[in-house]
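Q: Residue numbers for the sequence shown, in my numbering: 11 to 264.
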Amino acid sequence: MGKHGSLLIACLALSLPTPAVASSCTANSGPTLTPLIELYTSEGCSSCPPADRWLAGLPPGRAVPLALHVDYWDYIGWRDRYADARFAARQREVVRRGGGRVVYTPQVLLDGRDFRGWRDDTAFGQALARIAAKPAQARIVLNAARKQADVWSIRLEGQAAPRKGRAAAYLAIYENGLASDVRSGENAGARLLHGYVVRDWSGPIAADADGRMALSRDLARKDIEFSNAGMAAFIEDPDTGEILQALTLPFCRN
């Protein structure tokens, strides 16, 4: 081809797009506790929307909020598309560990304990501060790496401090900015807005003899808007319900 052909090849090579670099992000827990907030809720519950709005409006950074939609109200006229029987089972177990017998919605658990003062900003802030002043009893590392548009490689690593008792980890994928137009049931005609809704759930992941916990897997979900989503993990004592540490990581935006 001669000189002109060589120049053309060089120009074409320079114009080719460079391969995209996969997005990857990591979060590490700190030396003190991050409070865990669990809201047990349902789109079929007429008293739940205020709690849903409260949780969705929490500013990021002070706590790890999770909205776990239960399925035991689905029979009264509206099937909650975010409900999962595992969340109802966890709620019953947490209540049982605390000596209770009745589950209800909306129920707010703060670090594994029933907390009815969530409507009081002062009481809520003081409760968060008390928890955040305690030393963590475990360490958590979260990592997320985008493999394809709707496929992520996610990893949880946990390490419980030497202590009496067992430890187990949970990993949740949450999504913000969700809305449902309810057509029947107690909330018929309402447009419900949700935040921190748990869309995927893994656990319990039991600690080994050295207190280590780990989970690695691919997350492929076309029904999750990852720009509004994140990972959340917590480690608890499965016998007492004590929360040893919690951590959240929004999915990478770049």
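We treat Cβ as the ideally placed atom computed from N, Cα and C, and that holds for glycine.
Using DSSP's beta-bridge definition, name the partner residues of residue 77.
A: Per DSSP, 49 and 207.
Q: Among residues of its own chain, excluding the 5 on either side of residue 245, which ones have a beta-carbon nearer than 6 angstroms to its beta-carbon?
A: Closer than 6 angstroms at Cβ, skipping near neighbours: 148, 168, 177, 179, 254 and 255.
Q: If the criterion is Cβ atoms closer than 7 angstroms, does the pair residue 49 and residue 118 meet it?
A: Yes, they are a contact pair.
Q: So residue 163 packs on residue 228, CB below 8 angstroms; how close in whole Å?
A: At roughly 6 angstroms, the Cβ-Cβ gap stays under 8 angstroms, so residue 163 and residue 228 are in contact.
Q: Determine the closest residue to residue 141 out of 150, 131, 121 and 130, with distance taken between C-alpha atoms.
A: Measuring from the Cα of residue 141, the nearest candidate turns out to be 121.
Q: Mind checking which residues open and close the alpha helix (DSSP H) that includes residue 101?
A: Taken as a continuous stretch (DSSP letters only), the alpha helix (DSSP H) holding residue 101 covers 95-107.
Q: Put residue 116 into one of helix, strand or coil per three-state DSSP.
A: Residue 116: coil per DSSP, three-state reduction.
Q: Identify the residues that DSSP records as bridge partners of residue 253: which are they?
A: Residue 253 is bridged to 246.
Q: Can you tell me whether residue 263 is buried or exposed, with buried defined as 16 or more other CB within 10 angstroms of its CB?
A: With fewer than 16 other Cβ atoms within 10 Å, it is exposed.
Q: Alpha carbon to alpha carbon, what distance is there between residue 211 and residue 82?
A: One C-alpha to the other measures close to 18 angstroms.
Q: Using the C-alpha atoms, what's the distance from residue 238 back to residue 160?
A: In a straight line, the C-alpha of residue 160 is about 13 angstroms away from that of residue 238.
Q: Which partner residues does residue 145 have in the DSSP bridge list?
A: Paired residue(s): 42.
Q: Taking contact to mean at least 3 C-beta pairs separated by less than 8 angstroms, is the segment 197-209 in contact with the segment 126-139?
A: Segments in contact, no.
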